[in-house]
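One rule links them: number in the working numbering = place in the sequence shown (from 1) + 826.
We put the CB at the ideal spot given by N, CA and C, even for glycine.
The structure under discussion appears below in the form of C-alpha coordinates.
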Amino acid sequence: MPLWLDLLRTPMAAPETRRLRRMRLGWQLLCLFTAVSVSLIVPLRALLGQAAPCIAAALIALTLIQSVIYWVAKQRADSAILDLREPVQ
(Lines of atoms letter the chains of each structure in order from A; the text may use other names.)
(Lines give C-alpha, C1' and ligand atoms only; values in the text may rest on other atoms or scores of the structure.)
Protein backbone atom coordinates (compact mmCIF):
# COMPACT_ATOMS: atom_id res chain seq x y z
CA MET A 827 0.00 0.00 0.00
CA PRO A 828 1.42 3.45 -0.84
CA LEU A 829 2.47 5.58 2.11
CA TRP A 830 0.00 8.37 1.33
CA LEU A 831 -2.89 5.89 1.35
CA ASP A 832 -1.69 4.36 4.58
CA LEU A 833 -1.53 7.84 6.13
CA LEU A 834 -5.09 8.57 4.97
CA ARG A 835 -6.31 5.43 6.71
CA THR A 836 -4.54 6.30 9.97
CA PRO A 837 -6.89 7.72 12.60
CA MET A 838 -6.32 11.38 13.40
CA ALA A 839 -5.90 12.96 16.82
CA ALA A 840 -8.66 13.02 19.39
CA PRO A 841 -11.24 15.80 19.30
CA GLU A 842 -10.11 18.76 21.38
CA THR A 843 -11.97 19.11 24.67
CA ARG A 844 -12.49 22.43 26.46
CA ARG A 845 -9.74 21.55 28.90
CA LEU A 846 -7.27 20.67 26.15
CA ARG A 847 -8.20 23.83 24.25
CA ARG A 848 -7.57 26.00 27.34
CA MET A 849 -4.27 24.24 27.92
CA ARG A 850 -3.23 24.74 24.29
CA LEU A 851 -4.17 28.42 24.29
CA GLY A 852 -2.37 28.93 27.62
CA TRP A 853 0.71 27.23 26.21
CA GLN A 854 0.59 29.43 23.10
CA LEU A 855 0.30 32.57 25.23
CA LEU A 856 3.22 31.47 27.38
CA CYS A 857 5.29 30.89 24.23
CA LEU A 858 4.36 34.35 22.98
CA PHE A 859 5.17 36.06 26.29
CA THR A 860 8.45 34.16 26.52
CA ALA A 861 9.46 35.24 23.01
CA VAL A 862 8.54 38.87 23.73
CA SER A 863 10.32 38.94 27.07
CA VAL A 864 13.49 37.43 25.64
CA SER A 865 13.52 39.61 22.53
CA LEU A 866 12.88 42.76 24.57
CA ILE A 867 15.17 41.89 27.48
CA VAL A 868 17.32 45.04 27.09
CA PRO A 869 14.41 47.52 27.28
CA LEU A 870 12.78 45.48 30.02
CA ARG A 871 16.01 45.45 32.01
CA ALA A 872 16.24 49.24 31.69
CA LEU A 873 12.63 49.49 32.87
CA LEU A 874 12.55 46.80 35.56
CA GLY A 875 16.21 46.36 36.48
CA GLN A 876 17.30 42.94 37.74
CA ALA A 877 13.70 41.71 37.81
CA ALA A 878 13.58 41.46 34.00
CA PRO A 879 15.89 38.42 33.67
CA CYS A 880 14.08 36.74 36.56
CA ILE A 881 10.73 37.30 34.86
CA ALA A 882 12.09 35.93 31.58
CA ALA A 883 13.51 32.88 33.39
CA ALA A 884 10.20 32.30 35.15
CA LEU A 885 8.34 32.49 31.83
CA ILE A 886 10.75 29.99 30.28
CA ALA A 887 10.28 27.61 33.22
CA LEU A 888 6.49 27.96 33.13
CA THR A 889 6.48 27.35 29.38
CA LEU A 890 8.53 24.18 29.78
CA ILE A 891 6.28 22.90 32.58
CA GLN A 892 3.10 23.72 30.64
CA SER A 893 4.58 22.03 27.55
CA VAL A 894 5.09 18.77 29.42
CA ILE A 895 1.67 18.91 31.09
CA TYR A 896 -0.09 19.62 27.79
CA TRP A 897 1.87 16.97 25.91
CA VAL A 898 0.98 14.30 28.48
CA ALA A 899 -2.72 15.29 28.50
CA LYS A 900 -2.84 15.34 24.69
CA GLN A 901 -1.15 11.94 24.42
CA ARG A 902 -3.61 10.45 26.92
CA ALA A 903 -6.59 11.86 25.03
CA ASP A 904 -5.26 10.58 21.70
CA SER A 905 -4.51 7.14 23.15
CA ALA A 906 -7.95 6.91 24.74
CA ILE A 907 -9.63 7.68 21.41
CA LEU A 908 -7.41 5.27 19.49
CA ASP A 909 -8.06 2.51 22.04
CA LEU A 910 -11.81 2.88 21.48
CA ARG A 911 -11.52 2.47 17.72
CA GLU A 912 -11.20 -0.94 16.18
CA PRO A 913 -8.04 -1.66 14.23
CA VAL A 914 -8.26 -1.29 10.45
CA GLN A 915 -7.77 -4.61 8.68
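In or out: residue i buried (at least 16 other Cβ within 10 Å) or exposed?
{"i": "Ala882", "result": "buried"}
{"i": "Leu851", "result": "exposed"}
{"i": "Leu885", "result": "buried"}
{"i": "Leu856", "result": "buried"}
With DSSP collapsed to three states, give me the class of residue i.
{"i": "Ala884", "result": "helix"}
{"i": "Gly852", "result": "helix"}
{"i": "Gln892", "result": "helix"}
{"i": "Glu908", "result": "The sequence given here places Leu at residue 908; Glu does not occur at that position. Three-state DSSP puts Leu908 in a helix."}
{"i": "Ala877", "result": "helix"}
Tell me which same chain residues have a C-beta within less than 7 Å of the C-beta of residue i, skipping the five on either side of it?
{"i": "Asp904", "result": "Ala839 and Ala840"}
Using a Cβ-Cβ cut-off of 8 Å (strictly less than) and excluding sequence neighbours within five positions of residue i, which residues of its own chain qualify?
{"i": "Ala906", "result": "Ala840"}
* Okay, do the segment 843 to 854 and the segment 864 to 878 touch, 3+ Cβ pairs below 8 Å being the bar? -> no
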